[in-house]
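Contents: one structure, followed by commentary.
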Ligand code: AHG
Ligand code: MN
Ligand code: MN
Ligand code: MN
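Numbering (this note's numbering), first residue to last: 735 to 1069.
Here's what the structure looks like:
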């Protein structure tokens, strides 16, 4: 029988990527895996329980929170807090970051940034959603409470990042800077198994993903790029195909496997774009680069940006290198 590698085995085997690590990062990834299983279970039976619909609150992003936004946030916080691997956590769903300074956290050197439920407007209509996570080593002195500066690090400081996609199957995809691997959850056994080893964007892509309903608000470079992907060109297979679910995790996952570009540019209604640098763009940028793709704000590398606030938004161009470079060319030429 073919030997299937579990996520747990893989994490332990790859601990050697971090010669200075004492296993805390492995333990932290295991905690994320556990929280992911709990959220997965809740999402799978969401229609049967009382957890569909709105929570009745607005979050700091100005969005109506879904009950599952709140539930996923709570599950990740309590799971991560209950094990001493991190000293702080920030989330799309909370105005401020959390400090964990109990005894069990006093030696913790990692912080986590979280989009607990991505694509939450899709929950009630049974479309794929996800969880996105990003892990940094704190920069403040161990033993002292974590500070805001620990959270406002550029994406290139990430030590690990990934997502869990709750789709037709549930897959956990992550990187620790040594390639990207995906693990599919077997609900009968209750474990994730390596199913997508060493994921790379294909060299050429034919999918573009953008909310074209905002077309009128887009910068001229994006408008011209969209017209270009819709033009006929037999040699490079245009017009390309449009695919957009409204869940970044789903659109990203598909484009990474099949080849494509995802765009969330600026618009007059969202002057800095919509997606959050810390919870969405940086982790996806780390995965993208590790999978051979490119991720910029239309001009500069996402992971180079030094955040100035927790909930900062940035324009987001992400996918196959050649497609992103084509979009950047239009941005440069149409300023
Ligand atoms: P979230 O559900 O975590 O708030 O994220 C929603 C994001 C992202 O998943 C998606 O790509 C984008 O919002 C869709 O925005 P539009 O509905 O404006 O296209
Ligand atoms: Mn949201
Ligand atoms: Mn999101
Ligand atoms: Mn979210």
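Ideal Cβ positions, reconstructed from N, Cα and C, are used throughout, including at glycine.
| query | result |
| --- | --- |
| Using 7 Å as the cut-off, classify the Cβ of residue 803 as near or not near the heavy atoms of ligand 2, replying yes or no. | yes |
| Residue 1062: which of 847, 1014, 997, 764 sits nearest, CA to CA? | 997 |
| By the DSSP assignment, the beta strand (DSSP E) with residue 863 in it spans what residues? | 863-871 |
| On the criterion of 16 or more Cβ atoms from any shown chain inside 10 Å, does residue 954 qualify as buried, or is it exposed? | exposed |
| Under DSSP, the alpha helix (DSSP H) around residue 811 begins and ends at which residues? | 801-815 |
| Return yes when the C-beta of residue 826 is under 7 Å from any heavy atom of ligand 2, and no when it is not. | yes |
| In angstroms with no decimal places, state the Cα-to-Cα distance between residue 865 and residue 769. | 10 Å |
| Is it the case that the Cβ atoms of residue 1053 and residue 901 are separated by a distance below 8 Å? | no |
| Under 8 Å between the Cβ atoms of residue 745 and residue 764? | yes |
| Secondary structure at residue 916, three-state DSSP: helix, strand or coil? | strand |
| Closer than 7 Å by C-beta to residue 945: which residues in its own chain qualify, once you throw out the five before and the five after it? Chain order, please. | 978 |
| When the Cα atoms are used, what is the spatial distance from residue 785 to residue 958? | 42 Å |
| What is the DSSP secondary structure of residue 903, reduced to helix, strand or coil? | coil |
| Is there at least one non-hydrogen atom of ligand 3 closer than 7 Å to the beta-carbon of residue 848? | no |
| Restricting to Cα atoms, I'd like to know which of 988, 1012, 943 is closest to residue 882. | 1012 |
| Secondary structure at residue 831, three-state DSSP: helix, strand or coil? | coil |
| Between residue 743 and ligand 2, is the CB less than 7 Å from at least one heavy atom? | no |
| From the DSSP secondary-structure annotation, give me the bridge partner or partners of residue 976. | 942 |
| For residue 984, which residues from the same chain have a beta carbon less than 6 Å from its beta carbon, with the 5 sequence-adjacent residues on both sides left out? | 862 |
| Starting from residue 955 and walking both ways along the alpha helix (DSSP H), at which residues does that stretch end? | 954-964 |
| Kindly indicate which three-state DSSP category residue 778 falls into: helix, strand or coil? | helix |
| Check the C-beta distance from residue 948 over to residue 994 and give it rounded, since I have them as a contact under 8 Å. | Not a contact, Cβ separation roughly 18 Å. |
| For residue 909, collect the residues of the same chain with a Cβ closer than 7 Å to its Cβ; drop the 5 residues on either side in sequence, then sort them by chain order. | 894, 895, 896, 1020, 1021, 1024 |
| Exposed or buried, which one is residue 1067 when buried takes at least 16 other CB atoms within 10 Å? | exposed |
| Quick one: what's got a C-beta closer than 6 Å to residue 829's C-beta in the same chain, skipping five residues either side? | 794 |
| Tell me, please, which residues DSSP counts as bridged to residue 1029. | 1052 |
| Should residue 998 be flagged as near chain B, meaning a C-beta pair shorter than 8 Å? | As a matter of chain content, chain B is missing from the structure shown, which is built from one protein chain. |
| May I ask you to check if the CB of residue 852 is nearer than 7 Å to at least one heavy atom of ligand 1? | yes |
| Once you ignore the five residues that flank residue 1030 on each side, which residues in its own chain have a CB closer than 7 Å to its CB? | 1036, 1051, 1058, 1062 |
| What I want to know is whether the C-beta of residue 1044 ends up closer than 7 Å to one or more non-hydrogen atoms of ligand 5. | Ligands in the displayed structure: ligand 1, ligand 2, ligand 3 and ligand 4; ligand 5 is not one of them. |
| Terminal residues of the continuous beta strand (DSSP E) containing residue 791? | 788-792 |
| What's the gap between the Cα of residue 905 and the Cα of residue 887? | 27 Å |
| Indicate whether residue 980 and residue 856 have their beta-carbon atoms separated by less than 8 Å. | yes |
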